[in-house]
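Notes follow once the structure below has been shown.
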Amino acid sequence: MSALLWSGLPHRLLRRAEVGALRLVVSPSMLDELRDVLARPKFTARLAGLHTSAGEVLEAYAAVTTIIAEPPCVPVIAADPDDDRVLACALAASATWIISGDPHLLALQQYRGTRIVTPRQFWATTARRRQSLRKHRERR
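In this note's numbering, the protein residues as written are 275 to 414.
Below you can see the structure in the form of structure tokens.
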């Protein structure tokens, strides 16, 4: 949510996806959940301040994601079964990373080979890789 409605690191990661530097994968049920969350009254003022609507935010997000067929969901996170959709989507897409601020997901640290990290952890880990690539290009 923070990537969609606020500036900051999650938003910068979303911008990287917009230019093709990252691939974001979602399932239809994840988009449905996002639609429900964006419709909550606590986001009304923020959306108005951005001169946008929940529908426009959802549409813009869907435009930069790869939407996969709904994968089967296996119960993993008893405290928040909705988080199981994220795990199922990552597994179906053979994702390398799940980038999230959700404490239930982060507590797992990894799921079937997919690392689960905060936006800051992802940025720090991949910053070294980006820096190495820049140095390699400069040598050419």
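We treat Cβ as the ideally placed atom computed from N, Cα and C, and that holds for glycine.
Inset, instruction - Give the straight-line distance between the Cα atoms of D356 and A291, rounded to the nearest whole angstrom. - result: 24 Å
Inset, instruction - Express the C-alpha separation of A398 and R289 in angstroms, rounding to a whole number. - result: 17 Å
Legend entry - Selection from A319, H325, Y385 that minimises the alpha carbon distance to P349: Y385
Inset, instruction - State the Cα-Cα distance for the pair S301 and F317, rounded to the nearest angstrom. - result: 23 Å
Legend entry - Inter-residue CB distance, I372 and V360 (contact presumed, cutoff 8 Å): 6 Å
Inset, instruction - Could you tell me if P284 is buried or exposed, where buried requires 16 or more neighbouring beta carbons within 10 angstroms of its beta carbon? - result: buried
Legend entry - Beta-carbon contacts of A277 that lie in its chain and below 6 Å, excluding the five residues immediately before and after: P284, H285, L288
Legend entry - Whether L365 touches P345 by CB criterion (8 Å): yes
Legend entry - Contact under 8 Å by Cβ, T326 with L298: no
Legend entry - Exposure label - A343; buried when at least 16 CB within 10 Å: exposed
Inset, instruction - Could you pull the start and end residues of the alpha helix (DSSP H) that W397 belongs to? - result: 393-413
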